[in-house]
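One line per chain: the protein sequences are A and B, in this order.
Residues in the first sequence are numbered consecutively from 1, following this note's numbering.
Residues in the second sequence are numbered consecutively from 1, following this note's numbering.
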Amino acid sequence: QKEVEQNSGPLSVPEGAIASLNCTYSDRGSQSFFWYRQYSGKSPELIMFIYSNGDKEDGRFTAQLNKASQYVSLLIRDSQPSDSATYLCAVGSYIPTFGRGTSLIVHP
Amino acid sequence: DGGITQSPKYLFRKEGQNVTLSCEQNLNHDAMYWYRQDPGQGLRLIYYSQIVNDFQKGDIAEGYSVSREKKESFPLTVTSAQKNPTAFYLCASSIGASGGPYNEQFFGPGTRLTVL
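Here it is as structure tokens:
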């Protein structure tokens with residue numbers, strides 16, 4: 001059984017701070033790693049994907065992958081109240097496995 | 001505009017009835033997927049299809065059925081055999097096998113099904 005673990009939160013950060021969201025996975029052979037943002041009552045929206053060890057930056061978002069530790073993270077710099085949402089980690093190639101998500105609250 | 005559409009947005013069903021949820025995509029994607037999401041839960045895979053006229057069971061296929069007669073369409077039927085069907089249903093698509101293992105999924109807006 002492939003497992004993807006996330007802390008359910010909520011993670012609460014002040015506006016302008018860095019939010020750090022973490023995800024661990026069980027399948028060592030995984031090649032693809034995705035972060036989705038899901039606002040309450042809405043469908044998930046892909047915000048980042050990463051395939052190689054190291055960091056990948058896109059605007060205020062940075063995805064970090066460490067395959068040896070089976071760990072992927074998402075950093076959100078200069079957090080805004082509009083970033084308040086649930087962030088889903090998905091791991092795997094053709095049929096990804098989703099974590100339960102971490103709720104992020106950015107307060108003014 | 002390319003994208004995935006799902007209808008209806010809200011659906012109410014009486015116990016014992018079958019209902020069909022629509023999913024259409026114009027992204028020219030080969031692969032399509034159905035997920036179920038319950039409050040506070042992640043996404044659970046119901047069925048997926050990598051190519052027309054072929055589909056596979058996911059982790060929670062019991063009480064559901066699908067068809068894939070056209071590349072663009074992947075309807076899901078929730079049958080009366082599904083014991084607890086009230087949930088948020090999400091359809092997704094991706095390039096498919098031709099994209100290799102780097103196969104981002106894109107989601108439709110979802111259908112919220114309530115059994116009365």
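All C-beta atoms in this analysis are idealised placements derived from N, C-alpha and C, irrespective of residue type, glycine included.
Predicted, not measured: the structure shown is a model, and the values here were computed from it.
- In the DSSP assignment, the residues bridged to Thr86 (chain A) are A:Gln38 and A:Ser103.
- By alpha-carbon distance to Glu45 (chain A), the top candidate from A:Asp27, A:Val106, A:Pro108 and A:Gly101 is A:Gly101.
- Along the length of the segment 31-98 of chain B, whole beta strand (DSSP E) runs at least 3 residues long occupy 31-37, 43-51, 54-57, 64-66, 76-78 and 87-94, reported in chain order.
- Pro109 (chain B) sits in coil when the DSSP states are folded into three classes, being neither helix nor strand.
- Taking a C-beta distance under 8 Å as the contact criterion, Trp35 (chain A) and Leu74 (chain A) qualify as a contact pair.
- With 16 or more other CB atoms across the displayed protein chains lying within 10 angstroms of its CB, Pro85 (chain B) is buried.
- One finds Phe34, Tyr36, Pro44, Leu46, Ala90 and Pro96 in chain A with Cβ atoms closer than 9 Å to the Cβ of Gln105 (chain B), taken in chain order.
- By the Cβ-count criterion, Phe12 (chain B) is exposed, with fewer than 16 other Cβ atoms from all chains shown falling within 10 Å of its own Cβ.
- Boundaries cannot be given for Asn103 (chain B), as no beta strand (DSSP E) includes it and DSSP labels it neither H nor E.
- Linking Ala19 (chain A) to Asn53 (chain A) through their CA atoms gives a straight-line distance of about 21 Å.
- In the displayed model, Pro44 (chain A) falls within coil according to three-state DSSP, outside both helix and strand.
- In this structure, Tyr64 (chain B) lies away from Gln56 (chain B), with their beta-carbon atoms at least 8 Å apart.
- Contact note: Tyr48 (chain B) reaches chain A through Ile95, using a C-beta cutoff of 8 Å and chain order.
- For Glu57 (chain A), the beta-bridge partners assigned by DSSP are A:Thr62.
- A:Asn7 is the residue among A:Asn7, A:Lys2, A:Gln1 and A:Glu3 whose C-alpha sits nearest the C-alpha of Ser103 (chain A).
- About 5 Å separates the beta carbons of Arg36 (chain B) and Ala87 (chain B), which is inside the 8 Å limit, making them a contact pair.
- Proximity of chain B to Gly101 (chain A) at the Cβ level (cut-off 7 Å) is accounted for by Gly42, in chain order.
- Using a 10 angstroms sphere on the CB of Gly40 (chain B), the tally of other CB atoms stays under 16, which defines it as exposed.
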